[in-house]
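> So the sequence lines, in the order shown, correspond to chains A and B. Residue numbering for the first sequence is 1 to 252, as defined by my numbering. Residue numbering for the second sequence is 1 to 205, as defined by my numbering.
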Amino acid sequence: MHTKRIIPCLDVKDARVVKGINFVNLKDAGDPVSVAKAYDKAGADEVVFLDITASSDNRDTVVDMVRDVAANVFIPFTVGGGIRTVDDFKLLLREGADKISINSSAIDNPDLISDAADRFGSQCVVVAIDAKRRDDEGWNIYKHGGRIDCGIDAVKWAKEAEKRGAGEILLTSMDCDGTKAGYDIKLTKAISDAVSIPVIASGGAGSKEHFKEALTVGGAEAALAASLFHYKELEIKELKEYLRDNDVPVRL
Amino acid sequence: MVAIIDYNAGNIKSVMKAFNYIGEEAVCTRDFKEIQKADKVVLPGVGSFQYAMNELKRFELDKAIYDVVDRNVPFLGICLGLQLLFNGSDENPDCEGLSLLDGYIYKIPEDNCLKVPHIGWNSLNLSNDGTLFNGIDNNSFVYFVHSYYLKANDPTIVKASCDYGVTIHASVEKDNIYACQFHPEKSSSVGLKILKNFAEIGYAH
Numbered sequence: 001m002h003t004k005r006i007i008p009c010l011d012v013k014d015a016r017v018v019k020g021i022n023f024v025n026l027k028d029a030g031d032p033v034s035v036a037k038a039y040d041k042a043g044a045d046e047v048v049f050l051d052i053t054a055s056s057d058n059r060d061t062v063v064d065m066v067r068d069v070a071a072n073v074f075i076p077f078t079v080g081g082g083i084r085t086v087d088d089f090k091l092l093l094r095e096g097a098d099k100i101s102i103n104s105s106a107i108d109n110p111d112l113i114s115d116a117a118d119r120f121g122s123q124c125v126v127v128a129i130d131a132k133r134r135d136d137e138g139w140n141i142y143k144h145g146g147r148i149d150c151g152i153d154a155v156k157w158a159k160e161a162e163k164r165g166a167g168e169i170l171l172t173s174m175d176c177d178g179t180k181a182g183y184d185i186k187l188t189k190a191i192s193d194a195v196s197i198p199v200i201a202s203g204g205a206g207s208k209e210h211f212k213e214a215l216t217v218g219g220a221e222a223a224l225a226a227s228l229f230h231y232k233e234l235e236i237k238e239l240k241e242y243l244r245d246n247d248v249p250v251r252l
Numbered sequence: 001m002v003a004i005i006d007y008n009a010g011n012i013k014s015v016m017k018a019f020n021y022i023g024e025e026a027v028c029t030r031d032f033k034e035i036q037k038a039d040k041v042v043l044p045g046v047g048s049f050q051y052a053m054n055e056l057k058r059f060e061l062d063k064a065i066y067d068v069v070d071r072n073v074p075f076l077g078i079c080l081g082l083q084l085l086f087n088g089s090d091e092n093p094d095c096e097g098l099s100l101l102d103g104y105i106y107k108i109p110e111d112n113c114l115k116v117p118h119i120g121w122n123s124l125n126l127s128n129d130g131t132l133f134n135g136i137d138n139n140s141f142v143y144f145v146h147s148y149y150l151k152a153n154d155p156t157i158v159k160a161s162c163d164y165g166v167t168i169h170a171s172v173e174k175d176n177i178y179a180c181q182f183h184p185e186k187s188s189s190v191g192l193k194i195l196k197n198f199a200e201i202g203y204a205h
């Protein structure tokens, strides 16, 4: 039985997990290894580390973090944030990251998608898309943390990313992110229908029902959330039991 | 010591780190002598079938593989490392595999409303008492990432399969050859147990 995936996303700055992680019995809630281990134990199917370190001077700390995580955590993990070149891919994959997520750098240089896919395989190339609704009901993609409207249609960009060899789309709705009012199901479905690669829904999760919607109506293969899990507003096990009871296949 | 064959195929350190984590010494190498003196040999791999075959040949690692298999050293292929053991693949039909086992690698059909690549956790249907699955429950979940899948010609070598629109032969064992399409090094406690079972082959329990 193939299952849908539940993915906690961790924001990392200078190789420390930021935004409080509220785990009981976790000695160091800022330590990426401890947090990832705790999520493995809690039943997370994967973990995403998003490096929000502003400067690029700290690449070494990210590499060290990846090395530590890979030596201690044996579920797949993705690293995103500030990855600009094929050499960045090489460095992080070599230390044990399973997938690399790229966003602005893929928009600025779409060849990065194809170059990385050719060199390391599509399975490790995740194209992250930040999408925001337009007045005419479509969505545009944004770059630089949602600050710049690229004037490109999200569905069109997702197709382009797939054509260039992306292995997955990590799709964040900027309209829904942080609202806890649910994923943008229309957006998720539009992208998921347009591509044959898996789509990870992100932005807006506030309840178990929201996950179910994204994974069924939305057609997403995986659903990502951050604070909901970190602050223990929702336990992954409880979420998965709910999904199972509602005929969404999950790993339990 | 476990020798993990290094042929420039991406993320192979994860396999080494998983062996280290369960207390096994492991080394990534393409040195014929080092591979020869290992107790166990692992062929990992992501990437394309043809690229991998070319790299194996370029470093004469195909010869090293035939040598260890001939000498009855326990040998484990993971993911693409499983596929390379067979005759060939839809991915590069003109490229011959190592042909150590009889079967072919097909493209996962895209017409089943299922996404390709097959990425994620899938449950295993165990069969024929595989050594790697000693102590592992039927329907345990493991992590897959692939677009091509194995159909082995001899059903008795298939120790685990899974369903993804088609039946995927997920693990095979024949004599001293073991192989998994999924990634044990990314399959949490179940995967570590599978690696442990491989590491313990030949040792009295």
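Ideal Cβ placement from N, Cα and C applies to all residues, glycine included.
Express the C-alpha separation of PRO117(B) and LEU85(B) in angstroms, rounding to a whole number.
Rounded to whole angstroms, LEU85(B) to PRO117(B) spans 21 Å at the Cα level.
> Thinking ALA128(A) and THR172(A) are a contact (beta carbons under 8 Å), I'd like their distance in whole angstroms, please.
Indeed, because the Cβ distance is near 7 Å, the residues count as touching under 8 Å.
> Please list, in chain order, the residues of the segment 117-139 of chain A that have any C-beta partner in chain B closer than 8 Å.
Under the 8 Å Cβ criterion, the segment 117-139 of chain A contributes PHE120, GLY121, SER122, GLN123, CYS124.
> Taking the alpha-carbon of ASN122(B) as reference, which of ALA36(A), ASP51(A), LEU215(A), ASP45(A) has the nearest alpha-carbon?
If we check each option's Cα against that of ASN122(B), ASP45(A) comes out closest.
> Of all Cβ atoms in chain B, is any one closer than 8 Å to the Cβ of THR3(A)?
Yes, its Cβ sits closer than 8 Å to a Cβ of chain B.
> Within 10 angstroms of its Cβ, does ASN153(B) collect 16 or more other Cβ (buried), or is it exposed?
Its Cβ having fewer than 16 others within 10 Å, ASN153(B) is exposed.
> Roughly how many whole angstroms lie between the Cα atoms of THR156(B) and THR78(A)?
Distance between the alpha carbons of THR156(B) and THR78(A) is about 37 Å.
> How would you write the range of the alpha helix (DSSP H) that GLU241(A) sits in, first residue to last?
That run of the alpha helix (DSSP H) goes 236-245.
> On the criterion of 16 or more Cβ atoms from any shown chain inside 10 Å, does LYS17(B) qualify as buried, or is it exposed?
LYS17(B) comes out buried.
> Kindly indicate which three-state DSSP category ASN109(A) falls into: helix, strand or coil?
Coil.
> So what does DSSP say about VAL217(A), is it helix, strand or coil?
In this structure, VAL217(A) counts as coil in the three-state DSSP scheme.
> Using a beta-carbon distance below 8 Å, is SER127(B) in contact with chain A?
No, because no Cβ of chain A sits closer than 8 Å to the Cβ of SER127(B).
> So what does DSSP say about PHE49(B), is it helix, strand or coil?
In the structure shown, PHE49(B) sits in a helix (DSSP, three-state: H, G or I).
> Give me the Cα-Cα distance between ILE148(A) and ALA117(A), rounded to the nearest whole angstrom.
Distance between the alpha carbons of ILE148(A) and ALA117(A): 26 Å.
> Against chain B, does SER196(A) count as a neighbour if the rule is that its beta carbon must be under 8 Å from one of theirs?
So yes, SER196(A) belongs to the interface.
> Go ahead and pull the three-state DSSP assignment for HIS205(B).
In this prediction, HIS205(B) has a pLDDT of 48, which is less than 50 and means its spatial position is unreliable; nothing more can be read from the coordinates.
> If you reduce the DSSP assignment to three classes, tell me which class ILE194(B) lands in.
Three-state result, ILE194(B): helix.
> So, are the CB atoms of ILE75(A) and VAL12(A) less than 8 Å apart?
No; because the gap between Cβ atoms is not below 8 Å, this pair is not in contact.
> Are the segment 135-148 of chain B and the segment 58-77 of chain B touching, with three or more C-beta to C-beta distances below 8 Å?
Cβ pair count under 8 Å is below three, so no.
> Have a look at GLY182(A), ILE185(A), LYS99(A), ALA181(A) and flag the residue whose alpha-carbon is nearest the alpha-carbon of GLY167(A).
When each option's Cα is compared against that of GLY167(A), the closest is LYS99(A).
> Can you say whether ASP163(B) is buried or exposed, counting buried as having 16 or more other CB atoms within 10 angstroms of its CB?
Burial call: exposed.
> Whose C-alpha, out of LEU10(A), VAL62(A), VAL63(A), is nearest the C-alpha of LYS37(A)?
Measuring from the Cα of LYS37(A), the nearest candidate turns out to be LEU10(A).
> Quick check: the Cα distance between ASP184(A) and ALA214(A), rounded to an integer number of angstroms?
ASP184(A) and ALA214(A): Cα-Cα distance of roughly 8 Å.
> Use the C-beta contact count for PRO109(B): other C-beta atoms within 10 angstroms, 16 or more gives buried, fewer gives exposed.
PRO109(B) comes out exposed.
> Taking the DSSP output, what are the residues bridged to ILE141(A)?
Answer by DSSP bridge pairing, in chain order: ALA131(A).
> Which bits of chain A does LYS193(B) rub up against, with CB to CB less than 8 Å?
Going along chain A, no residue has its Cβ under 8 Å from LYS193(B), so there is no contact; the nearest lies around 11 Å.
> Relative to the C-alpha of ASP175(A), which candidate in GLY165(A), ASP135(A), GLU209(A), ASP87(A) has its C-alpha closest?
If we check each option's Cα against that of ASP175(A), ASP135(A) comes out closest.
> Please list the partners that SER214(B) has in chain A, where partner means a Cβ-to-Cβ separation under 8 Å.
Here chain B has residues from 1 to 205 only, and residue 214(B) is not among them.
> Under three-state DSSP, which class holds ARG119(A)?
Of the three classes helix, strand and coil, the one that applies to ARG119(A) here is helix, per DSSP.
> Quick check on DSSP: helix, strand or coil for PRO184(B)?
If DSSP states are grouped into helix, strand and coil, PRO184(B) belongs with the helices.
> Under 8 Å, Cβ to Cβ, is there at least one residue of chain A near ALA18(B)?
For ALA18(B), the answer is yes, since a Cβ of chain A falls inside 8 Å of its Cβ.
> Is the beta carbon of GLY165(A) closer than 8 Å to that of SER192(A)?
No.
> I want to know whether the segment 86-94 of chain B touches the segment 48-63 of chain B - three or more CB-CB distances under 8 Å.
A contact exists between the segment 86-94 of chain B and the segment 48-63 of chain B.
> Return no unless some Cβ of chain A is closer than 8 Å to the Cβ of GLU185(B).
It does; some Cβ of chain A falls within 8 Å.
> Please classify CYS79(B): is it buried, with 16 or more other beta-carbons within 10 angstroms of its beta-carbon, or exposed?
The residue in question, CYS79(B), is buried, as its Cβ has 16 or more Cβ neighbours within 10 Å.
> Can you find at least 3 beta carbon pairs, one from the segment 189-206 of chain A and one from the segment 152-166 of chain A, that sit closer than 8 Å?
Short answer: they touch.
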